[in-house]
Amino acid sequence: MILAAAVGTAILLAIVLSINWFPTHASTQINRTSTLYDVLLIASVPIFVIVETVVVFCVWRFRMRPGEELKDGPPIHGNTRLEVVWTVIPALLMFGLAGYAYTVLRANEANKSGAMTVQVTTRQFAFEFTYPHQDGKTVISPILYLPKGKPVVFKIRSYDVVHSFFVPNFAEKIDAVPGITTTLRVTPNRIGTYPAECTELCGPGHSFMRAAVQVMTPSAFQAWLSRQPNNGPPPIGAPPSGVSAASSKGPAKTSKPTAAAGKAVFTSAAGCSTCHTLAAAGATGTIGPNLDQRLRSDCAKPASKRIRGPTLEQCIHAAITRPYAYIPSGFHAGIMPADFAKRLTSAQIAALVKFLSSAAK
Ligand code: HEC
Ligand SMILES: [Cu+2]
């Protein structure tokens with residue numbers, strides 16, 4: 316029986332340890348978590364095999380034989396030594412593993428000196444990353460760029476419902492809860508591109524709520540950061556803590572709206588492209604109306620037949636800022652976010668209108 320258990324343990328351990336339970340390791344955290352998983356497997360596989368071996372052995376050894384149908388087993392009342400053994404060993408094992416898991420958790424969440432803080436703002440259905448104010452500018456990006464080897468502290472907030480920020484290759488995840496800021500610490504340690512995804516069912520566009528994470532060399536990261544324009548106010552939602560809404564809206568209003576800027580808003584943080592199809596933006600969303608067809612057949616109609624506004628621009632503006640005032644047939648209210656007038660700056664809405672009206676012609 317001991318031989319069978321030893322052979323079974325060896326085979327099963329070889330199998331479970333050869334499986335990659337985690338995707339490509341890209342952070343110091345995932346290395347620790349993955350080692351913890353291996354230790355848990357090494358501890359639990361022998362126990363599983365021993366228990367199963369004893370069960371199978373007993374089923375065979377103490378089975379009922381012909382003529383024993385009415386026989387009862389011998390009455391056994393306790394075995395102190397056995398009971399002490401099966402209480403003490405699991406208790407030691409449990410305290411040991413829980414203690415080890417705790418040290419892994421502490422190490423993964425330890426506050427490292429020189430960490431960079433990145434604000435992660437979530438909304439239906441997009442992530443947005445804001446970098447520390449530097450050289451008088453605020454950099455906001457729909458793609459998460461990170462320098463290799465630098466500890467990062469993510470401050471995660473939500474503008475609407477509960478979302479969750481998860482990068483499988485970092486093996487770290489935390490919810491974004493409206494009204495509070497949650498914190499996640501990661502030290503990326505492998506150059507590459509990885510997915511970030513929302514792992515909380517947050518609405519009809521949930522499955523589109525993804526972002527790319529790019530870990531690059533520190534010098535490439537600095538070069539990227541210094542190339543970025545000042546994004547001024549965040550494209551959506553309340554400005555990050557410390558930036559007052561009034562002052563941050565200043566520079567954006569003075570710049571003239573352009574179709575290119577509108578396209579950038581459409582395809583990035585505002586999340587329009589997750590719901591709408593629009594060839595000019597390379598967008599293929601299917602939750603909302605196909606804007607290639609609808610803008611031409613609705614807003615571009617002769618003025619007298621237009622429901623939303625007398626000019627093409629006013630029609631598009633109304634569709635963005637008051638989406639439920641008129642609902643195209645086949646759709647219903649409550650899906651297109653109704654608060655873009657608040658979430659986007661007037662300059663961004665103007666840029667969107669410019670972009671969509673040029674796409675409608
Ligand atoms: C969560 C999905 C979703 C997002 C995000 C979204 N929309 Fe919509 N949109 C819809 C739906 C659904 C409708 C149809 C119902 C309605 O009008 O409210 C719609 C309607 C529209 C219309 C009117 C189309 C018509 O048929 O007349 C326009 C224009 C529009 N959206 C533009 C935008 C822009 C610009 C953005 C980004 C700032 C955006 N949408 C973001 C889902 C979305
Ligand atoms: Cu989400």
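Throughout the sequence shown, residue numbering follows the working numbering, covering 316 to 676 in sequence. C-beta atoms are modelled at their ideal positions from N, C-alpha and C, and glycine is treated no differently.
Within 8 Å, strictly: CB atoms of residue i and residue j
i	j	result
Arg347	Asn426	no
Thr343	Thr502	yes
Ile664	Phe655	yes
Phe442	Ala325	no
Asn605	Thr592	yes
Phe440	Gly649	no
His478	Thr437	yes
Pro510	Pro483	yes
Met431	Lys465	yes
Ala662	Pro572	yes
Phe581	Ala596	yes
Euclidean distance between Cα positions of residue i and residue j
i	j	result
Gly507	Pro405	42 Å
Ala653	Ile642	12 Å
Gly603	Phe480	25 Å
Tyr460	Gln529	5 Å
Leu328	Lys463	34 Å
Ile551	Ala666	Confidence at Ile551 is low in this model, with a pLDDT of 47, below 50, so the placement of that residue should be treated as unreliable; the coordinate-derived value is given next. Their Cα atoms are separated by approximately 14 Å.
Pro554	Trp401	Because Pro554 sits at a pLDDT of 39, beneath the cut-off of 50, its placement in the model cannot be relied upon, and the point is left open.
Thr395	Glu487	45 Å
Ser677	Leu610	The structure shown does not extend to residue 677, since the chain is modelled only from 316 through 676, so no value can be given for it.
Gly300	Val331	In this structure the chain extends from 316 to 676, so residue 300 is not present and cannot be described.
Arg421	Ile471	20 Å
Val433	Val492	17 Å
Cys614	Gln629	9 Å
Gly624	Ile631	8 Å
Phe485	Gln608	41 Å
Pro519	Met651	10 Å
Ile317	Val354	22 Å
Glu398	Gly323	25 Å
Leu516	Ser522	8 Å
Ile391	Val403	22 Å
Leu408	Phe363	14 Å
Ala535	Arg505	14 Å
Arg637	Thr514	29 Å
Coarse secondary structure for residue i, derived from DSSP in three states
i	result
Cys630	helix
Ala526	strand
Ile489	strand
Met431	strand
Pro447	coil
Ala321	helix
Ile362	helix
Met531	strand
Ile330	helix
Tyr460	strand
Leu593	strand
Lys568	Here Lys568 scores only 41 on pLDDT, less than 50, and its place in the model should not be relied on; the value that follows carries that caveat. Note: Lys568 maps to helix in three-state DSSP.
Cys517	coil
Glu512	strand
Thr660	coil
Classification of residue i by the beta-carbon crowding that lies within 10 angstroms, buried from 16 upward
i	result
Val454	buried
Leu627	buried
Ala567	Any reading at Ala567 is ruled out, since the residue's pLDDT is 42, under 50, leaving its predicted position unreliable.
Lys676	exposed
Ser583	buried
Lys386	exposed
Ala674	buried
Gly557	Here the model assigns Gly557 a pLDDT of 37, short of 50, so the residue's position is not dependable, and the following value carries that caveat. Its Cβ having fewer than 16 others within 10 Å, Gly557 is exposed.
Thr498	exposed
Ser333	exposed
Leu659	buried
Tyr446	buried
Val668	buried
Ala413	exposed
Val369	exposed
Distance cut-off 7 Å: residue i Cβ against heavy atoms of ligand 4
i	result
Thr589	With respect to small molecules bound, the structure shown includes ligand 1 and ligand 2 and not ligand 4.
Closer than 8 Å to chain C by CB, residue i
i	result
Pro493	Annotation note: the requested chain C is absent from the structure, which comprises a single protein chain.
(request) Let me have the residue list for ligand 2: C-beta closer than 5 Å to any non-hydrogen atom, ordered along the chain. (result) His478, Cys513, Cys517 and Met524
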